[in-house]
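Peer 1:
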């Protein structure tokens with residue numbers, strides 16, 4: 005499987021020294037740590053365990069399909085890849101498929117925002133109405149104090165891994181060929197790299 009990861013130049017230098025790239029919790033925004041922890045738990049369930057001693061470290065993030073199946077590789081002319089003016093690298097690498105967990109990048113924002121990921125717009129309306137009846141809202145209360153509703157939200161997120169799933173109205177997600185698909189893995193080794201391209205973030 006061919007993937008691409010955008011990293012700072014400093015991270016690339018460190019990778020050349022130690023021979024691998026691994027995630028670092030220090031780079032995760034505090035508000036998102038629980039979301040990343042959920043992703044780690046999903047990786048434990050769905051892909052091979054890490055081969056290195058630092059088991060279950062934070063994941064490395066990469067792209068399988070940046071915009072759609074016609075634009076799989078990240079466009080370095082785009083903004084928001086890194087901080088404006090920061091020197092970075094685009095690393096293309098090849099990795100075994102069973103070491104990678106793919107997920108829908110747009111739907112990942114339901115996890116980051118603690119939103120319920122409905123199967124349809126009707127499902128969303130019904131869920132929000134059920135919460136209103138007991139004076140709850142996942143927009144205001146994070147996490148919900150009601151365990152059953154909280155777990156329903158958390159379980160709903162698992163749809164981000166079903167890349168074939170699309171709601172009937174296509175209001176929530178799109179078909180796989182039009183998805184932005186991210187990838188997480190435990191590490192990237194130096195020998196897996198196919199190419200490195202330096203750039204300055206726009």
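In the working numbering, the protein residues as written are 5 to 206. Where a beta carbon is used, it is the ideal one built from N, C-alpha and C, also for glycine.
(1) Among residues of its own chain, excluding the 5 on either side of residue 87, which ones have a beta-carbon nearer than 7 Å to its beta-carbon?
(2) Rounded to the nearest angstrom, what separates residue 70 and residue 131 at their Cα positions?
(3) Leaving out the 5 sequence neighbours to the left and right, which residues in its chain are closer than 8 Å to residue 164 when beta-carbon positions are compared?
(4) Would you kindly check if the distance between the Cβ of residue 12 and the Cβ of residue 96 is under 9 Å?
(5) Inspect the beta-carbon positions of residue 63 and residue 190 and report whether they are closer than 9 Å.
(6) Under 8 Å: do the segment 70-79 and the segment 137-153 share three or more Cβ pairs, one atom per stretch?
(7) Using a Cβ-Cβ cutoff of less than 7 Å, which residues in the same chain neighbour residue 196 once the five nearest sequence positions on both sides are dropped?
(8) Between the alpha carbons of residue 188 and residue 50, how many angstroms are there, rounded?
(9) Identify, in the order they occur along the chain, each residue of the same chain with its Cβ nearer than 7 Å to the Cβ of residue 198, setting aside the five sequence neighbours on each side.
(10) Expressed to the nearest angstrom, what Euclidean distance is found between the alpha-carbon atoms of residue 45 and residue 155?
(11) Return the CA-CA distance between residue 194 and residue 52, expressed in angstroms with no decimal places.
(12) Between the alpha carbons of residue 54 and residue 192, how many angstroms are there, rounded?
(13) On a Cα-Cα basis, can you pick out the residue from 78, 41 and 79 that is closest to residue 61?
Peer 2: In short:
(1) 205
(2) 31 Å
(3) 107, 108, 111, 112, 114, 115 and 121
(4) no
(5) yes
(6) no
(7) 97, 98 and 99
(8) 11 Å
(9) 96, 97 and 98
(10) 15 Å
(11) 19 Å
(12) 11 Å
(13) 41
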